[in-house]
Amino acid sequence: MEAEPPIIPNETRGARGTDAPDAGTVDDVRALTRAFDLLTQTTRTLEESYRCLQARVGQLDKELAAKHHELAVTSDYLNNLLESMSDGVVAVDEDGVITTFNRAAGHVLQYTAEEVIGRTFREVFGREFSVPLGPGAMELLARDGAVVPVTERDSPLADRANRRIGAVKVFQDLRELESLREQVRRMDRLAAIGEMAATVAHEIRNPLGGIRGFAALLARDLGPDDPRARLVDKILTGTENLNRVVTELLEYTRPLEICLEPHSCHDLVQGAVSYLESDGESIHIDNRVPPGLRVLADTDKMRRVFLNILLNAAQSIEKEGRIDISADEERGTVVVAISDTGCGMTPEQASKSFSPFYTTKEKGTGLGLAIASRIVDGHGGSLRVKSEPGKGSTFSVELLQAE
-6 MEAEPPIIPN
4 ETRGARGTDA
14 PDAGTVDDVR
24 ALTRAFDLLT
34 QTTRTLEESY
44 RCLQARVGQL
54 DKELAAKHHE
64 LAVTSDYLNN
74 LLESMSDGVV
84 AVDEDGVITT
94 FNRAAGHVLQ
104 YTAEEVIGRT
114 FREVFGREFS
124 VPLGPGAMEL
134 LARDGAVVPV
144 TERDSPLADR
154 ANRRIGAVKV
164 FQDLRELESL
174 REQVRRMDRL
184 AAIGEMAATV
194 AHEIRNPLGG
204 IRGFAALLAR
214 DLGPDDPRAR
224 LVDKILTGTE
234 NLNRVVTELL
244 EYTRPLEICL
254 EPHSCHDLVQ
264 GAVSYLESDG
274 ESIHIDNRVP
284 PGLRVLADTD
294 KMRRVFLNIL
304 LNAAQSIEKE
314 GRIDISADEE
324 RGTVVVAISD
334 TGCGMTPEQA
344 SKSFSPFYTT
354 KEKGTGLGLA
364 IASRIVDGHG
374 GSLRVKSEPG
384 KGSTFSVELL
394 QAE
């Protein structure tokens, strides 16, 4: 049996009022509503601020990317500028450690940037970074041990706060300049020789012709058994040798007139071989130049070149030996190689072999190879020599190939 609910008096219900709201509750609701409105407003403000912040961050990202691109372009430009310089550039920090090494420096000193960056300047080049004081040429040591004469200038390196952070060296290779100076000196010598040759031809040849003529008359008047005939023969031989020297001197200083025409390289060499006066039994000459090779050459002058080289090779062979002649095609040129089994030359002798009046022979004038080199240069070719003492020499004549 269910219990009946308690009876509440009407007075009590009317006093508390189940349908009328409590004042405190209304205030709480209003405060909560205001707080919610404030939260909503604050949230909207924060959302707007966040959107503005996102936009600003995006703008800053774009500006930063543009600055990075600009910095990369500037860095690439400066690196390309540094690598394109014809002068060598080396930079070091305060401890002398190499931080920059451009392409020109590597070309002159035969190093790559990777091989030297991070190493001290003294470790790589065997001297202090600063320009040496005192007289004498400045020098740097190349990778192969060669001493390279240079002209160098040092400058300090500083950061934005003007604090010293290292030094930079700019240098130039003087070897090409020295070569040009040597060419100028050589041309000056040739000019002096030319003036001297004209004087020699005038002052010596005329009386020399008279001496030779009178000696020939004496030889005609003296009998073959007369002991004085031997002295006359020596006079004639001496005048012929002196006349040959004067002729070679004049030929060396005289301007070249070269007429280039297609010729068989084999025939040019063989023509020189046929003129060579040597003992065929003691010196064997093998002409292996292919008959089909053709070159642009002046026949008489190139025959003179080959003859001078062959004479030089024959004179370097003391007793028995051989001379081998071959030829190969190399990119539009023909290289004729003349190799002998003679005494050979030292590197110093080989470097001077084409200089006028330089000779290692007692009776040589030192003009044969010099004339040959000048003729080959006039043909637009080159004449080189490789030699080693006791192992013979190889002369290489490079000429333009004819079609």
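Using the numbering used here, read the sequence shown as starting at -6 and increasing by one per residue. Idealized CB from N, CA, C, for every residue including glycine. Here the structure is a predicted model, which is why all the values come from computation and not from measurement.
Inset, instruction - Return helix, strand or coil for SER332, following the three-state DSSP convention. - result: Counted from its first residue, the sequence shown places residue 332 at position 339. Here SER332 sits in strand by DSSP.
Legend entry - Within the stretch 115 to 179, ranges of the alpha helix (DSSP H) (whole runs, at least 4 residues): none
Legend entry - Beta-carbon proximity check, ALA320 vs ARG281, cutoff 9 Å: By 1-based counting over the sequence shown, the position of residue 320 is 327. By 1-based counting over the sequence shown, the position of residue 281 is 288. Taking 9 Å as the Cβ cut-off, ALA320 and ARG281 qualify as a contacting pair.
Legend entry - Three CB pairs or more closer than 8 Å across the stretch 378 to 386 and the stretch 333 to 343: yes
Inset, instruction - Tell me the start and end of each unbroken beta strand (DSSP E) in the stretch 273 to 329 that is at least 3 residues and wholly inside, in chain order. - result: 276 to 280, 287 to 290, 314 to 323
Inset, instruction - Let me know the secondary structure DSSP gives ALA363 once reduced to three states. - result: Numbered from its first residue, the sequence shown carries residue 363 at position 370. ALA363 falls in the helix class under three-state DSSP.
Legend entry - Reference PRO125; option with closest CA among LEU393, ARG49, VAL143: Looking up residue 125 in the sequence shown gives position 132. Closest by alpha carbon: VAL143.
Inset, instruction - Can you give me the Cβ contacts of ASP272 inside the same chain, cut-off strictly under 6 Å, excluding the 5 residues immediately before and after it? - result: One-based indexing of the sequence shown puts residue 272 at position 279. Its pLDDT being 47, under 50, ASP272 is placed unreliably in this model, and the coordinates cannot settle the point.
Inset, instruction - Go through its chain and collect everything with a Cβ distance to LYS345's Cβ below 6 Å, but skip five positions before and after it. - result: Locating residue 345 in the sequence shown gives position 352, where the first residue counts as 1. If we look at LYS345 and ignore the five residues flanking it on each side, its Cβ neighbours are TYR351.
Legend entry - Coarse secondary structure for PRO382, derived from DSSP in three states: Residue numbering aside, residue 382 sits at position 389 when the sequence shown is read from its first letter. It is coil, neither helix nor strand.
Inset, instruction - Return the Cβ separation of LEU249 and PHE299 in integer angstroms, given the expectation that the two are a contact with Cβ distance under 8 Å. - result: If you number the sequence shown from 1, residue 249 lands on position 256. If you number the sequence shown from 1, residue 299 lands on position 306. With 8 Å as the limit, LEU249 and PHE299 do not qualify as a contact, their Cβ atoms being about 17 Å apart.
Legend entry - Residue range of the unbroken alpha helix (DSSP H) whose run includes GLU254: Within the sequence shown, residue 254 is the residue found at index 261, counting from 1. Where GLU254 is concerned, there is no enclosing alpha helix (DSSP H), although the beta strand (DSSP E) it sits in stretches over 254 to 257.
Legend entry - Pairwise C-alpha distance: PHE29 and ASP21: Position 28 of the sequence shown, counted from the start, is the residue given in the question as residue 21. Position 36 of the sequence shown, counted from the start, is the residue given in the question as residue 29. Each residue's alpha carbon lies about 12 Å from the other.
Inset, instruction - Alpha carbon to alpha carbon, how far is ILE310 from ASP226? Give it in angstroms, no decimals. - result: One-based indexing of the sequence shown puts residue 226 at position 233. One-based indexing of the sequence shown puts residue 310 at position 317. Each residue's alpha carbon lies about 28 Å from the other.
Legend entry - Candidates GLY325, ARG205, GLU132, of which the one nearest LYS444 by Cα: Residue 444 falls outside the range modelled here, since the chain spans only -6 to 396, and no answer is possible.
Inset, instruction - Whole angstroms is fine: what's the gap from ARG157's alpha carbon to GLU188's? - result: In the sequence shown, residue 157 corresponds to position 164, counting from 1. In the sequence shown, residue 188 corresponds to position 195, counting from 1. In a straight line, the C-alpha of ARG157 is about 60 Å away from that of GLU188.
Inset, instruction - Closer than 8 Å by C-beta to ASN236: which residues in its own chain qualify, once you throw out the five before and the five after it? Chain order, please. - result: Locating residue 236 in the sequence shown gives position 243, where the first residue counts as 1. These residues qualify, in order along the chain: ARG198, LEU201, ARG205.
Legend entry - Proximal residues to GLN52 (C-beta, below 8 Å), its chain only, five neighbours per side dropped: On the sequence shown, position 59 is the one that residue 52 refers to. Excluding sequence neighbours, GLN52 sits near nothing in its chain.
Inset, instruction - Quickly, what does DSSP pair SER389 with across the bridge? List them, please. - result: Here residue 389 corresponds to residue number 396 of the sequence shown, with the count starting at 1. Note: SER389 sits in a beta bridge opposite ALA330, ARG377.
Legend entry - Environment of GLY129 [buried if 16+ CB atoms lie within 10 Å]: In the sequence shown, counting from the first residue as 1, residue 129 sits at position 136. Residue confidence for GLY129 is low, a pLDDT of 48 falling below 50, so the modelled location carries little weight; the figure read from the coordinates is stated next. GLY129 comes out exposed.
Inset, instruction - Put ALA84 into one of helix, strand or coil per three-state DSSP. - result: Working through the sequence shown from its first residue, we reach residue 84 at position 91. In this structure, ALA84 counts as strand in the three-state DSSP scheme.
Legend entry - Alpha carbon of PHE122 to alpha carbon of ARG315, nearest angstrom: Looking up residue 122 in the sequence shown gives position 129. Looking up residue 315 in the sequence shown gives position 322. Using only the alpha carbons, I get a separation of about 54 Å.
Legend entry - Continuous alpha helix (DSSP H) stretch holding ILE228: start and end: Translated into the one-based positions of the sequence shown, residue 228 becomes position 235. Per DSSP, ILE228 belongs to the alpha helix (DSSP H) from 221 to 246.
Inset, instruction - Check THR33 in the structure and name its three-state DSSP category. - result: What you label residue 33 is simply residue 40 of the sequence shown in a count that begins at 1. It is helical.
Legend entry - Cβ shell of LEU229 (< 6 Å), same chain only, five flanking positions each side left out: Residue numbering aside, residue 229 sits at position 236 when the sequence shown is read from its first letter. Excluding positions up to five away in sequence, the list reads ALA208.
Inset, instruction - Over the uninterrupted alpha helix (DSSP H) stretch that includes GLY99, give me the two end residues. - result: Position 106 of the sequence shown holds residue 99. Where GLY99 is concerned, the enclosing alpha helix (DSSP H) stretches over 96 to 102.
Inset, instruction - Have a look at ARG23 and TYR43 and give me their C-alpha separation to the nearest angstrom. - result: The residue you call residue 23 lines up with position 30 of the sequence shown. The residue you call residue 43 lines up with position 50 of the sequence shown. Each residue's Cα considered, the two are about 30 Å apart.
Legend entry - Bridge partner(s) assigned by DSSP for ILE91: The residue given as residue 91 occupies position 98 in the sequence shown. VAL85, per the DSSP bridge assignment.
Legend entry - Opposing strand residues paired with GLN394 [DSSP bridges]: For the purposes of this step, residue 394 is taken as the residue at position 401 of the sequence shown. VAL288.
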